[in-house]
Amino acid sequence: CMDLVTHFDIDGIHFDYIRFTGPTQGYNPTSIARYNARYGTTGQPSAGDERFKQWRRDQVTAVVRKVYAKVQAVKPWVKVSGSFVGGAPSPTASTRAAFKNCRAYYEVYSDWDSWIQEGIVDFAAPMTYFDITTRYTDYVNWLNFQKDRKGNRHMVPDAGTYLNYLSDAIDMLLMTRQPSPAGNYNHGWGAYSYQSPYSVTKGSSPVYGSWSSWSAQLLAQVTPTWADIPQMPWKTAPTKGHIGGTVTYPPDGAWADGAGVEITGPENRSMLCDGTGFYAFIDLTPGVYVIRANYAGLEAVKTVTVTAGAIADGDLALTHNDPTPPIITNLQVSDVTDGTARITWNTDDPATSQVQYDFVPYYGQASEEDTNLLTSHVVTLQGLTPSTSYHFRVKSTNAAGLTSYSPDQPFTTQPLAGTIIVDELDSDCTLSGSWNTTTSTSGWNGSYKYKTAVSGDPTVTAVWAPPLPRTGPYDVSIYYRAGTNRTTDAHFTINHVGGSVLVHVDQTQHDLQWWPIGTGLQFNAGRSGNVTLDNQSTDLRNVIADAVKFEYKGDTTAPAMESVNDERYTASTTTLQASWSGSDTESGIAKYRYAVGTAPGMADVSAWTDTGLATSAAISGLALEVGRTYYVSVRAVNGAGLTSAPISSAGVTVARTVSTAAARQLANGEPVYLTGVVTA
Numbered sequence: 192c193m194d195l196v197t198h199f200d201i202d203g204i205h206f207d208y209i210r211f212t213g214p215t216q217g218y219n220p221t222s223i224a225r226y227n228a229r230y231g232t233t234g235q236p237s238a239g240d241e242r243f244k245q246w247r248r249d250q251v252t253a254v255v256r257k258v259y260a261k262v263q264a265v266k267p268w269v270k271v272s273g274s275f276v277g278g279a280p281s282p283t284a285s286t287r288a289a290f291k292n293c294r295a296y297y298e299v300y301s302d303w304d305s306w307i308q309e310g311i312v313d314f315a316a317p318m319t320y321f322d323i324t325t326r327y328t329d330y331v332n333w334l335n336f337q338k339d340r341k342g343n344r345h346m347v348p349d350a351g352t353y354l355n356y357l358s359d360a361i362d363m364l365l366m367t368r369q370p371s372p373a374g375n376y377n378h379g380w381g382a383y384s385y386q387s388p389y390s391v392t393k394g395s396s397p398v399y400g401s402w403s404s405w406s407a408q409l410l411a412q413v414t415p416t417w418a419d420i421p422q423m424p425w426k427t428a429p430t431k432g433h434i435g436g437t438v439t440y441p442p443d444g445a446w447a448d449g450a451g452v453e454i455t456g457p458e459n460r461s462m463l464c465d466g467t468g469f470y471a472f473i474d475l476t477p478g479v480y481v482i483r484a485n486y487a488g489l490e491a492v493k494t495v496t497v498t499a500g501a502i503a504d505g506d507l508a509l510t511h512n513d514p515t516p517p518i519i520t521n522l523q524v525s526d527v528t529d530g531t532a533r534i535t536w537n538t539d540d541p542a543t544s545q546v547q548y549d550f551v552p553y554y555g556q557a558s559e560e561d562t563n564l565l566t567s568h569v570v571t572l573q574g575l576t577p578s579t580s581y582h583f584r585v586k587s588t589n590a591a592g593l594t595s596y597s598p599d600q601p602f603t604t605q606p607l608a609g610t611i612i613v614d615e616l617d618s619d620c621t622l623s624g625s626w627n628t629t630t631s632t633s634g635w636n637g638s639y640k641y642k643t644a645v646s647g648d649p650t651v652t653a654v655w656a657p658p659l660p661r662t663g664p665y666d667v668s669i670y671y672r673a674g675t676n677r678t679t680d681a682h683f684t685i686n687h688v689g690g691s692v693l694v695h696v697d698q699t700q701h702d703l704q705w706w707p708i709g710t711g712l713q714f715n716a717g718r719s720g721n722v723t724l725d726n727q728s729t730d731l732r733n734v735i736a737d738a739v740k741f742e743y744k745g746d747t748t749a750p751a752m753e754s755v756n757d758e759r760y761t762a763s764t765t766t767l768q769a770s771w772s773g774s775d776t777e778s779g780i781a782k783y784r785y786a787v788g789t790a791p792g793m794a795d796v797s798a799w800t801d802t803g804l805a806t807s808a809a810i811s812g813l814a815l816e817v818g819r820t821y822y823v824s825v826r827a828v829n830g831a832g833l834t835s836a837p838i839s840s841a842g843v844t845v846a847r848t849v850s851t852a853a854a855r856q857l858a859n860g861e862p863v864y865l866t867g868v869v870t871a
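Now the structure itself:
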């Protein structure tokens, strides 16, 4: 929008599809992540959830508001308008409550009534598309609503003349000029469309009248004389002004999504910033205003002067006002498997999320830090070793940069679950379309689904997508009840790391047995892989959906570290030398990782660092203290992603560098590095 406004001499910007197209839309991953961060939830909200409905309305409104405010800042004479949803049901009164019972509000989340009241469009052209011989009441209801609810902006009903015979189409336009029962009028009219101005015949294949026959009646009955376009006094002679800006937070000026902003002055208002940190207050009484923004323990205050016809710069950079670190509560471990564990906790301040963990209580491993500022935290650890005891602590940092750690907590992973079976009734199986259900006791779990095959596009699908515990090779097999009325060409697709494999299965065979459809296929941990069945086939008998089995065939044993050797003494305060060895007879060593600490296994001097397959390193860039002992710890990661426990060197002591003369003055037993030759 702003590219057009800024670089071209245009009169206006007009929205059309400024809405969703149905009540189940709005699941863009970015929007869902923002929604969950805002409300401390996880997963996907239900399409019918009232809070999620309002969220989607707010996102559409935010776009309209930002465009309007930005246009005011660049070219305030440019008009912002839109063709907004009307349709049935129509509003039965000229009230806000009546509008909420209309599709625009409850189904496509286009709250244009509020836009008119807020003043973030200059005129509305609601799509009032009806055949008035069958929907006369709906048409009249919408006309009355538009005449009465236009606020301080213009309303121009857009009549659906193309749905009506010529005489009715003309009547539609004449009705736009009649007062509502409350005595109110519109500012003009529109007609849809130039190409098809009215109907000659109706039905499934309508015939439309020509422009020439339409224009003759239009000139004779509706517009016999010239009429000037009504002036928009808020543009031509404004008495109000505006405030708009972006709120950012430290340290890198990120957008403060959801920051609260309030203004006090001749008028008092408040709102939340949109996903770009933007806010705008439109049509304000001129004068001096104080703007206050708050977000995640940060605040900013600014004073601006609002003048008529202009938008005051309301950009705000938040600063810290929280002197205390976040308080961690309700720390819990759940859903522990052979390779995963779910860690949850709460903080009193919005803060980041990270779990530090290891086999020993030195927290040598850590999850990737989630920098979203939340009060409800969820981290799932993956790639853990089966039947292993772990220690962990959680770390949260608030917007003020203050960090808290939880006390140490233990958990133990489960023994290896090498086999995962998903039945069609399980939550890890997603069915779409209208499958038929049998309660035959011969199904894997007492039932199965079936559907007649089709030769064209499939009408049903089943997707088995369990949370696989680890990355590696899997065998995949299926279970079903065979029979003579089954298809000989069931299409099972295995989606794995290397791509997709389509397997054609004869379901008249292999009754009530696990039938292999894939061997040694590579899958990542999690739900990215799956098996999909649809009912497209060359044999139009029944397709059967029952159970799928995933069997892990990879390495289940962590690698072994054998030794770590160091120098025992060093004169350097910046570099340590170490070498090591490890082995894995199954999947091999994929990489080594080393760290330096003040105790075995710790990484408080140098964090864990990947070193590939190298078996030695000169670890530089350190800040070592003379007389102190340091430990190099090394762990191995194998081809299955399993990590060994760390082992450590015997310890390297930093010796004092002294002359031979000075060495005589030191205490017995203190390690030194002599710069000369000792003589008797």
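Letter by letter, the sequence shown follows residues 192 to 871 of the numbering used here. Each residue gets a CB set at the ideal place from its N, CA and C atoms; glycine is no exception.
- Query: residue 507 by DSSP, collapsed to three states: which one?
  - Reply: strand
- What's the gap between the Cα of residue 525 and the Cα of residue 720? 24 angstroms
- Residue range of the beta strand (DSSP E) that residue 600 falls in? 600 to 603
- Any C-beta of chain C sitting closer than 8 angstroms to the C-beta of residue 465? The structure shown contains no chain C; it holds only a single protein chain.
- For residue 823 versus residue 769, is the C-beta spacing smaller than 8 angstroms? In terms of Cβ geometry, residue 823 and residue 769 form a close pair [threshold 8 angstroms].
- Query: Helix, strand or coil: how does DSSP classify residue 198 here?
  - Reply: helix
- Got a sec? Which residues, its chain only, sit under 7 angstroms from residue 753 by beta carbon, not counting five neighbours each side? Within the same chain, Cβ atoms closer than 7 angstroms to the Cβ of residue 753 are found at 772, 773 and 774, the five residues on either side in sequence being excluded.
- Message: Measuring straight from C-alpha to C-alpha, what distance separates residue 871 and residue 821?
- Response: Caution is warranted here: a pLDDT of 43 is assigned to residue 871, below 50, making its placement in the model unreliable, and no coordinate value can be reported.
- For the ligand GDP, is there a heavy atom less than 7 angstroms away from the beta-carbon of residue 473? Absent from the structure shown: the ligand GDP. Ligands present: none.
- Query: For residue 286, which of helix, strand or coil comes out of DSSP?
  - Reply: coil
- In the DSSP assignment, find the unbroken alpha helix (DSSP H) run with residue 334 in it and report its ends. 327 to 339
- Write down every uninterrupted run of the beta strand (DSSP E) in the stretch 576 to 661 whose length is 3 residues or greater and which is fully enclosed by it, in chain order. Look at the stretch 576 to 661 and you find these whole runs of beta strand (DSSP E), each 3 residues long or longer: 580 to 588, 594 to 596, 600 to 603, 610 to 614, 620 to 623, 627 to 629, 639 to 643 and 652 to 655.
- Query: Can you name the residues that DSSP bridges to residue 307?
  - Reply: None, per the DSSP bridge assignment.
- Give the secondary structure of residue 323 by DSSP, where H, G and I count as helix, E and B as strand, and everything else as coil. Of the three classes helix, strand and coil, the one that applies to residue 323 here is coil, per DSSP.
- Message: Determine whether the beta carbon atoms of residue 640 and residue 615 lie at a separation below 8 angstroms.
- Response: Contact: yes.
- For the candidate residues 298, 411, 335 and 272, whose alpha-carbon lies nearest to that of residue 240? 298
- Message: Using only the alpha-carbon positions, how far apart do residue 351 and residue 305 sit?
- Response: 24 angstroms
- Task: Quick one: using the 10 Å Cβ neighbour count with 16 as the cut-off for buried, is residue 706 buried or exposed?
- Result: buried
- Task: Mark residue 349 as exposed unless 16 or more other C-beta atoms lie within 10 angstroms of its C-beta, in which case mark it buried.
- Result: buried
- Item | Beta-carbon gap between residue 578 and residue 552 smaller than 8 angstroms | no
- Taking the C-alpha atoms as reference points, what is the distance between residue 699 and residue 676? When the Cα atoms are used, residue 699 and residue 676 turn out to be separated by approximately 7 angstroms.
- Message: Under 8 angstroms: do the stretch 641 to 654 and the stretch 624 to 633 share three or more Cβ pairs, one atom per stretch?
- Response: As far as the Cβ criterion goes, the stretch 641 to 654 touches the stretch 624 to 633, which means the pair count is three or higher.
- Message: Need the endpoints of the beta strand (DSSP E) that residue 422 sits in, please.
- Response: Per DSSP, residue 422 belongs to no beta strand (DSSP E) and is neither H nor E.
- Just tell me which of 446, 612 and 428 has its CA closest to the CA of residue 436. 446
- Pairwise C-alpha distance: residue 471 and residue 657: 46 angstroms
- Inside the stretch 372 to 437 only - beta strand (DSSP E) runs reaching at least 3 residues: 390 to 392
- Item | Backbone CA spacing between residue 221 and residue 438 [nearest angstrom] | 19 angstroms
- Using DSSP bridges, identify the partner residues of residue 734. 642
- Could you pull the start and end residues of the alpha helix (DSSP H) that residue 697 belongs to? From DSSP, residue 697 is part of no alpha helix (DSSP H); its letter is neither H nor E.
- Query: Can you tell which of 722, 328 and 527 has the C-alpha that lies nearest to the C-alpha of residue 574?
  - Reply: 527
- So residue 540 packs on residue 589, CB below 8 angstroms; how close in whole Å? Between residue 589 and residue 540 the Cβ distance is about 4 angstroms, and since that is below 8 angstroms, they are a contact.
- Query: How many angstroms separate the CA atom of residue 562 from the CA atom of residue 489?
  - Reply: 16 angstroms
- By Cβ distance below 7 angstroms, which residues in the same chain neighbour residue 354 in space, the five residues on each side in sequence not counted? Exclusion of the five residues before and after residue 354 leaves 320, 321, 322 and 390 as the residues of its chain whose Cβ lies within less than 7 angstroms of its Cβ.
- Query: Using the beta-carbon count (16 or more within 10 Å), is residue 785 buried or exposed?
  - Reply: buried
- Task: Return yes when the Cβ of residue 491 is within less than 8 angstroms of the Cβ of residue 602, no when it is not.
- Result: no
- Are the stretch 477 to 487 and the stretch 448 to 466 touching, with three or more C-beta to C-beta distances below 8 angstroms? yes
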